[in-house]
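Residue numbers (our numbering), protein chains in the order written: chain A, -18 to 94; chain B, 163 to 277.
The beta-carbon is built from N, C-alpha and C at its ideal position, and this holds for glycine as well.
The structure appears below as structure tokens.
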Amino acid sequence: DQQVKQNSPSLSVQEGRISILNCDYTNSMFDYFLWYKKYPAEGPTFLISISSIKDKNEDGRFTVFLNKSAKHLSLHIVPSQPGDSAVYFCAASAIQGAQKLVFGQGTRLTINP
Amino acid sequence: KAGVTQTPRYLIKTRGQQVTLSCSPISGHRSVSWYQQTPGQGLQFLFEYFSETQRNKGNFPGRFSGRQFSNSRSEMNVSTLELGDSALYLCASSLASRGRTGELFFGEGSRLTVL
């Protein structure tokens, strides 16, 4: 049972344009959501997070939007840069302070020059 | 500040053997979590340790075990290895303080191949 789903295995975007990565979840107990980026041969790196009490969180070029009614979140990267090419994982946790994250399958983002 | 260090980075075992993986968290981090990454299942939570106590456990068989030492270093052990245990095992540490839920810092992983 996939509680966190990233339905797009891959996404290709032109440099300078907006990249939008999507994530859906099924467990209504999730109250904290995170995005991680992973380069080959490296561990995932934390990007940005959002609590369920918010609907938007912004950090530089990265913005995460949360739609609780639709159980959907998205990561926007503007403008996209070649160094953003990586696999992006959406993750969720159900208990404040708990480190048990449920990850999506990941979306491979490729930024084309 | 040194990151999360995992050893060994690569190892090959045969079915039925056991393996021990080691993780040194970022200095000051008391929470250590372990995840298994496979192409088919993605990243799956194994367990989390905090102050030498297992605080959370994922849905893995008892062949998977772990422990944490007083210096926060952690080890995980897999006994009676199966082919399906071939995976990248990732360790992550965190401050586990209020307001920083889930901000995990991952190591580069230990890639286990079971033949």
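CB contact below 7 angstroms: residue i versus chain A
i	result
residue 221/B	no
residue 208/B	no
residue 246/B	no
residue 233/B	no
residue 271/B	yes
residue 213/B	no
residue 195/B	yes
residue 257/B	no
residue 224/B	no
residue 173/B	no
residue 265/B	yes
residue 204/B	yes
residue 239/B	no
residue 243/B	no
residue 169/B	no
residue 252/B	yes
According to DSSP, residues forming a beta bridge with residue i
i	result
residue 11/A	In the DSSP output, where bridge partners are listed per residue, residue 11/A has none listed.
residue 39/A	44/A
residue -9/A	89/A
residue 0/A	58/A
residue 274/B	173/B, 249/B
residue 194/B	211/B, 255/B
residue 205/B	199/B
residue 237/B	184/B, 229/B
residue 6/A	-15/A
residue 69/A	18/A, 88/A
residue 83/A	73/A
residue 218/B	210/B
residue 30/A	15/A
Contact list for residue i against chain E, beta-carbon separation under 9 angstroms
i	result
residue 268/B	No chain E is part of this structure, whose protein chains are labelled A and B.
Cβ of residue i within 7 angstroms of any chain B Cβ
i	result
residue -16/A	no
Taking three-plus beta-carbon pairs below 8 angstroms as touching, is the segment 31 to 46 of chain A in contact with the segment 13 to 23 of chain A? yes
Using 8 angstroms as the threshold, is the segment 164 to 171 of chain B in touch with the segment 0 to 15 of chain A, meaning 3 or more CB pairs across them? no
Could you please tell me which residues of the segment 4 to 23 of chain A, in chain order, have their CB closer than 9 angstroms to any CB of chain B? 12, 13, 14, 15, 17, 19, 22, 23
Is the segment 229 to 238 of chain B close to the segment 56 to 69 of chain A, with three or more CB pairs under 8 angstroms? no
Contact between the segment 239 to 256 of chain B and the segment 185 to 195 of chain B is defined here as three or more beta-carbon pairs at a separation below 8 angstroms; is this criterion met?
yes
Does the contact criterion of 3 or more C-beta pairs under 8 angstroms hold for the segment 47 to 54 of chain A versus the segment 25 to 34 of chain A?
yes
Exercise for the section: Report yes or no: do the segment 203 to 214 of chain B and the segment 226 to 236 of chain B share at least 3 C-beta pairs separated by less than 8 angstroms? Expected result: yes
query = Just checking, does the segment 78 to 88 of chain A make contact with the segment 170 to 188 of chain B on the three C-beta pairs under 8 angstroms criterion?
reply = no
Name the residues in the segment 34 to 58 of chain A whose C-beta lies less than 9 angstroms from a C-beta of chain B; which are they? none
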